[in-house]
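J.: Per the numbering used here, the very first residue in the sequence shown carries number 146; after that it's consecutive.
Beta carbons are placed, not taken as given, at the ideal position from N, Cα and C, and that holds for glycine.
Predicted model only: the values in this text are computed from it and were never measured.
Here's a structure for you.
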Amino acid sequence: MVERKLATFQERLGQALVEGGFITDNQLQQAREEAEKENKRLTDVLVEQRLISREVLATALSFQLKVPIVNLKQVQVTPEVLKLIPEDFAREREVLPIGIAPGGELQVAMESPNNFELINTLSAMTRRTVRPALPLDVRVRDMLEVFYKPTSQLGQQLDEALGPVAETTPARGAAGPALAIQGVAEAPVVRAVEMITLQAVKSRASDIHMVPTSDSAKVFYRIDGVLHNVHTMPLGIHQNMVSRIKVMANMDITERRRPQDGSFTMTFGERQVDFRVAAAVTAYGEMMVIRVLDKGRIRFDVSELGLTGSPRQTYDRLLRYPLGMIAISGPTGSGKTTSLYATIYSLADQKRNIMTIEDPIEYRFENISQLETNPAAGVDFPAGLRAIMRMDPDIILVGEIRDKETAQVAIQAANTGHLVLSSIHANDAASTISRFLDLSVEPFALSVGLIGVVAQRLIRKICPDCKTYAAPTATEALAYEQEMQEPAGEFAVGKGCHTCSFTGYSGRIGVFEVLPITEEIRSLIIRRAGGSEFKQLAVQQGMVTMRRDGMLKVKEGITTISEVIRNVFTTD
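Right, here's the structure in full:
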C-alpha cells in the first residue's frame with residue numbers, strides 16, 4: 146500500500162517536471178522504463194542520467210510536499226542527535242537526524258519525506274515528533290558516512306578507552322587539583338589524548354578545539370578552515386584530558402583561572418608533529434585550543450602557495466632586491482606564516498645570514514637562525530629585532546608587526562641594508578600601506594623602505610576525486626561576469642565523495658594581490674593618501690586583485706565561485 150502511494154507520487158512528480166520544462170515527455174518515458182527495469186525510484190534515475198540536478202529535484206519535492214530543504218554539507222550534527230537513531234537503522238532506511246527544534250521536534254533528512262509509515266516509526270523510536278527535511282545537493286546515504294564515521298570510529302574508541310574513567314570521574318566543579326593530577330596519570334586518559342591528536346593529524350586538521358558546555362564537552366577539528374564536531378564527552382573526563390595536555394605542554398596543572406600557553410611534540414611512527422596549546426577559562430570551564438604544526442604535511446615551496454602568473458613574477462622580482470621590506474598582510478588564518486616560511490626557505494642557500502624573530506617559532510629550519518620572543522626576559526619584537534641587526538644579517542623575518550615600535554624598527558632595518566620580510570594584519574594590499582601610516586611610521590622612511598606588499602586569503606580547493614561541472618547560480622554568475630567581463634559558463638564543482646567527507650573540497654590554496662611600490666605609489670605615501678587612492682593607482686598599473694586572482698582560479702577549475710565570494714569579496 147505504502148509502495149503504491151509512493152510510486153503514484155513519483156509519477157505525479159515526474160509529470161510536474163515535464164510541465165515545468167525541466168524534462169521532456171520522451172525523457173520521462175525512458176526514465177520510467179529504466180526505473181521499472183532496475184527497480185529504482187523514478188527520481189533516482191532522472192538524477193543518475195543527469196536529466197535533472199539534485200537541486201532541481203529537491204526544489205520540486207519541497208514545493209510538492211511543503212517540506213523544508215536542508216544543505217547537508219553545511220549542517221553541524223552533534224553526536225547526541227545522531228544517537229537518537231541507531232546507525233544500522235539510519236543506513237537501512239536512509240535517514241539522518243540533523244537537529245532538535247526549539248519545540249523538541251526531531252529534524253530528520255530523508256529522501257522520501259512523504260513516507261508516513263517511516264515517519265511514524267521514527268517518532269515511536271525516538272519518542273519525539275519527527276519533522277522531515279529534504280537534502281539539497283547530496284544523497285542521505287552518502288552523508289551517513291560523514292556523520293556516523295567519526296562517531297563510530299574515533300568516538301567508539303574514545304568511549305571504550307575512557308569507560309573506566311567515566312565511571313569514577315566527578316562532575317564539573319567537583320574535582321580538585323589532587324583528583325585532577327590522579328586523573329592525568331590514568332592510562333585511559335593518556336590513550337584518549339593520543340587518539341585525538343593522531344586522528345587530527347590523519348584528518349589534516351589545523352586545530353583541535355576542546356570546548357566545555359553546560360552539561361558536556363565537545364571536541365572539534367578545524368579542517369580546511371571549517372570546524373567539525375567529532376566527539377562529545379562528560380565534563381569530568383574533559384578536565385582530566387585538559388590536565389593531561391597541560392602536563393605534556395609544561396603548563397601549570399593547578400592553575401584554572403588565568404590563560405596559559407604551552408607546546409609539546411608527539412611522534413607518530415617516524416613522523417614528529419608539534420602542538421601549540423592555548424587554554425582559557427570560560428563560563429563552563431577550561432577551553433583548550435591546540436594548533437597542529439605538522440611540518441611533514443606542509444610543503445614550504447613558493448610554487449605551492451598559489452602564486453602564479455603576473456603576481457608570481459612581481460613577487461620573484463621583489464625577492465631579488467638586496468634591501469627593503471616586503472609585507473605580507475591578511476587576517477588571522479590566511480596563511481601569512483606559511484608564505485613567509487616558504488619564502489625564506491627558498492632563499493636559504495648558506496651564502497646569506499637569514500635570521501628571524503617570532504612569537505612563537507612554529508617550524509624550525511636548518512641554515513636559518515630563529516629567535517623567539519620572551520617577554521619575561523625583556524625580549525619582545527623590537528628588542529629581538531635590534532639584537533638581530535647587530536648580528537650581520539642579510540635577510541630578516543619579523544613574525545608579526547603589531548605595534549608602532551616594531552613597525553618603526555623594521556622599516557629602519559629595511560633602510561639600512563637588509564631585506565626584511567614581515568606579516569601584518571590588514572584587509573588588502575592598499576590598506577596595508579595605510580596601516581603602516583596609522584602606526585606612525587614616518588611617510589618618507591616608509592616610501593623608501595617598503596618595496597612591496599602581498600595580501601592574501603586561503604580558499605578551499607575542489608576535491609579532484611569528485612570534480613564535475615555545473616552552471617553557477619544567478620548570484621555567482623553575476624559576480625564572475627562583473628569581475629572577469631566575460632560570460633559565465635559551466636564551472637568545476639565538487640559533488641562530494643568519501644575522500645573529501647562529502648564537502649566537495651580538499652585542501653586549500655592562496656589567492657593573492659602583489660603591490661610593488663612604484664615611484665607614483667611613493668608619492669602617494671609621502672602625502673599620506675588614503676587606501677582607495679593606493680588601490681586605484683595599483684590597479685591602473687596592472688595589479689591583479691585578490692578577487693580577480695580568485696576568479697582566475699575558478700576559471701582554471703581549482704576552486705568555486707562561492708568560495709571566492711565567501712573569502713575574498715569581504716575585502717572591499
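Just to check my reading of the structure: Val285 and Met255 have Cβ atoms closer than 8 Å, yes? What is that Cβ distance to the nearest angstrom?
T.: On the sequence shown, position 140 is the one that residue 285 refers to. On the sequence shown, position 110 is the one that residue 255 refers to. That pair is a contact at about 6 Å.
J.: If we count Cβ pairs, one from each stretch, closer than 8 Å, do we get three or more for the region 450 to 458 versus the region 504 to 523?
T.: Judged by Cβ distances under 8 Å, the region 450 to 458 makes no contact with the region 504 to 523, as fewer than three pairs qualify.
J.: CB-CB under 6 Å to Asp282, same chain, minus the five flanking residues each way: which ones, in chain order?
T.: To locate residue 282, count along the sequence shown from 1; it is residue 137. Same-chain partners within the cutoff: Arg199 and Glu200.
J.: Using three-state DSSP, classify Arg401 as helix, strand or coil.
T.: If you number the sequence shown from 1, residue 401 lands on position 256. Three-state DSSP puts Arg401 in coil, outside helix and strand.
J.: Quickly, what does DSSP pair Pro277 with across the bridge? List them, please.
T.: Position 132 of the sequence shown holds residue 277. According to DSSP, which records beta bridges pairwise, Pro277 is partnered with Val253.
J.: Which whole-angstrom value describes the C-beta separation of Glu431 and Val387, a residue pair presumed to lie in contact below a C-beta threshold of 8 Å?
T.: In the sequence shown, the residue the question calls residue 431 occupies position 286. In the sequence shown, the residue the question calls residue 387 occupies position 242. Yes, Glu431 and Val387 are in contact; Cβ-Cβ is about 5 Å, under 8 Å.
J.: For Gly159, I'd like the list of residues in its chain whose CB is within less than 6 Å of its CB, leaving aside the five on either flank, ordered along the chain.
T.: Mapped onto the sequence shown, residue 159 falls at position 14. The answer, listed in chain order, is Leu173 and Leu187.
J.: Does the distance from the CB of Met340 to the CB of Ala362 come in under 8 Å?
T.: For the purposes of this step, residue 340 is taken as the residue at position 195 of the sequence shown. For the purposes of this step, residue 362 is taken as the residue at position 217 of the sequence shown. No, these two residues do not count as a Cβ contact at 8 Å.
J.: May I ask you to report which of helix, strand or coil DSSP gives Pro357?
T.: Within the sequence shown, residue 357 is the residue found at index 212, counting from 1. DSSP places Pro357 in strand when its eight states are reduced to three.
J.: Can you give me the Cβ contacts of Gln327 inside the same chain, cut-off strictly under 6 Å, excluding the 5 residues immediately before and after it?
T.: Here residue 327 refers to the residue found at position 182 of the sequence shown. With a pLDDT of 49 at Gln327, under the threshold of 50, the modelled position of this residue cannot be trusted; read the value that follows with caution. There are no such residues.
J.: From what residue to what residue does the beta strand (DSSP E) around Lys612 run?
T.: As a position in the sequence shown, residue 612 is number 467, starting the count at 1. From DSSP, the beta strand (DSSP E) with Lys612 extends over Lys612 to Ala615.
J.: Considering only residues of the region 361 to 433, which uninterrupted alpha helix (DSSP H) runs meet the minimum length of 4 residues and lie entirely inside it, listed in chain order?
T.: Qualifying alpha helix (DSSP H) stretches, in chain order: 380 to 393.
J.: Out of Val598, Thr618, Val638 and Val222, which one is the CA nearest neighbour of Pro609?
T.: Walking along the sequence shown from the start, residue 609 turns up at place 464. That would be Val638, whose Cα lies nearest to the Cα of Pro609.
J.: What span of residues does the beta strand (DSSP E) with Glu631 cover, start to end?
T.: Counting from one through the sequence shown, the residue named residue 631 turns up at place 486. Taken as a continuous stretch (DSSP letters only), Glu631 belongs to no beta strand (DSSP E), as it is neither H nor E.
J.: Determine the closest residue to Leu595 out of Gln601, Val586 and Arg602, with distance taken between C-alpha atoms.
T.: Your numbering for residue 595 matches position 450 in the sequence shown. Cα-wise, what sits closest to Leu595 is Val586.
J.: Would you give the residue range spanned by the alpha helix (DSSP H) that Phe261 belongs to?
T.: To locate residue 261, count along the sequence shown from 1; it is residue 116. Phe261 to Thr271 is the extent of the alpha helix (DSSP H) around Phe261.
J.: With Leu492 and Ile540 assumed to form a contact (beta carbons below 8 Å), what rounded beta-carbon distance in angstroms separates them?
T.: Position 347 of the sequence shown, counted from the start, is the residue given in the question as residue 492. Position 395 of the sequence shown, counted from the start, is the residue given in the question as residue 540. The pair is a contact, with the Cβ atoms about 6 Å apart (cut-off 8 Å).
J.: Less than 8 Å between the C-beta atoms of Leu229 and Pro242, yes or no?
T.: Stepping through the sequence shown from its first residue, residue 229 is reached at position 84. Stepping through the sequence shown from its first residue, residue 242 is reached at position 97. Their beta carbons are under 8 Å apart, which means Leu229 touches Pro242 by this criterion.
J.: Quick check: what's the CA-CA separation for Ser474 versus Glu626?
T.: By one-based count along the sequence shown, residue 474 stands at place 329. By one-based count along the sequence shown, residue 626 stands at place 481. Between Ser474 and Glu626, the C-alpha separation is close to 27 Å.
J.: Using CA coordinates, which residue listed in Glu621, Ser579, Glu701 and Leu603 is at the minimum distance from Leu669?
T.: By one-based count along the sequence shown, residue 669 stands at place 524. Measuring from the Cα of Leu669, the nearest candidate turns out to be Ser579.
J.: Would you kindly report the start and end of the unbroken alpha helix (DSSP H) that includes Thr477?
T.: For the purposes of this step, residue 477 is taken as residue 332 along the sequence shown, with counting starting at 1. No alpha helix (DSSP H) holds Thr477; DSSP gives it neither H nor E.
J.: Exposed or buried, which one is His373 when buried takes at least 16 other CB atoms within 10 Å?
T.: As a first step, residue 373 is located in the sequence shown; it is residue number 228 there, counting from the start. Buried, because 16 or more other Cβ atoms sit within 10 Å of the Cβ of His373.
J.: If distances are taken between C-alpha atoms only, which option among Met355, Gln601 and Arg547 comes closest to Asp573?
T.: By 1-based counting over the sequence shown, the position of residue 573 is 428. For the residues Met355, Gln601 and Arg547, the minimum Cα distance to Asp573 belongs to Gln601.
J.: Indicate the three-state DSSP secondary structure (helix, strand or coil) for Thr501 in the structure shown.
T.: For the purposes of this step, residue 501 is taken as the residue at position 356 of the sequence shown. Residue state, collapsed to three classes: strand.
J.: Applying the 10 Å Cβ sphere with the 16-neighbour rule, what's the burial state of Gln252?
T.: Residue 252 sits at position 107 when you count from the first residue of the sequence shown. Under this definition Gln252 is a buried residue.
J.: In whole angstroms, give me the CA-to-CA distance for Ser651 and Phe365.
T.: The sequence position of residue 651 within the sequence shown is 506, counting from 1. The sequence position of residue 365 within the sequence shown is 220, counting from 1. Their backbone Cα atoms lie some 18 Å apart in a straight line.
J.: Closest by CA to Arg653, which one among Lys698, Gln630, Ala615 and Gly687?
T.: The count along the sequence shown starts at 1 and reaches residue 653 at position 508. Of Lys698, Gln630, Ala615 and Gly687, the residue nearest in Cα terms is Lys698.
J.: Between the Cα of Arg349 and those of Asn184, Arg336 and Lys440, spot the shortest distance and give me the residue it belongs to.
T.: For the purposes of this step, residue 349 is taken as residue 204 along the sequence shown, with counting starting at 1. Nearest option by C-alpha distance: Lys440.
J.: On the three-pair Cβ rule with 8 Å, is the region 660 to 669 touching the region 611 to 630?
T.: With the cut-off at 8 Å, the region 660 to 669 and the region 611 to 630 do not touch.
J.: Which residues mark the beginning and the end of the alpha helix (DSSP H) in which Gln458 is found?
T.: What you label residue 458 is simply residue 313 of the sequence shown in a count that begins at 1. It spans Gly454 to Leu464 - the alpha helix (DSSP H) in which Gln458 sits, taken as one unbroken run.
J.: In the structure shown, what three-state DSSP assignment does Lys185 receive?
T.: Here residue 185 refers to the residue found at position 40 when the sequence shown is read from its first residue. Here Lys185 sits in coil by DSSP.
J.: Is Gln344 near the ligand NAD, with its Cβ less than 7 Å from a heavy atom?
T.: Inclusion of the ligand NAD in the displayed structure is not the case, the ligand content being empty and no account of it being possible.
J.: Just confirm the distance between the C-beta atoms of Ala424 and Met396, as a whole number of angstroms; I'd bet it's less than 8 Å.
T.: If you number the sequence shown from 1, residue 424 lands on position 279. If you number the sequence shown from 1, residue 396 lands on position 251. The Cβ separation is near 7 Å, so the contact holds.
J.: If I measure Cβ to Cβ from Asn498 and keep anything under 8 Å in the same chain, skipping five residues before and after, which residues do I get?
T.: Locating residue 498 in the sequence shown gives position 353, counting from the first residue. Only Ser514, Met536, Asp537, Pro538, Asp539 and Ile540 meet the Cβ criterion.
J.: For the region 540 to 560 against the region 460 to 467, do three or more pairs of beta-carbon atoms, one drawn from each stretch, fall closer than 8 Å, so that the two count as touching?
T.: Because the criterion of three Cβ pairs below 8 Å is not met, the region 540 to 560 and the region 460 to 467 do not touch.
J.: Return the bridge partner residues of Val638 from the DSSP annotation.
T.: Taking the first residue of the sequence shown as position 1, residue 638 is located at position 493. Beta-bridge pairing links Val638 to Thr613.
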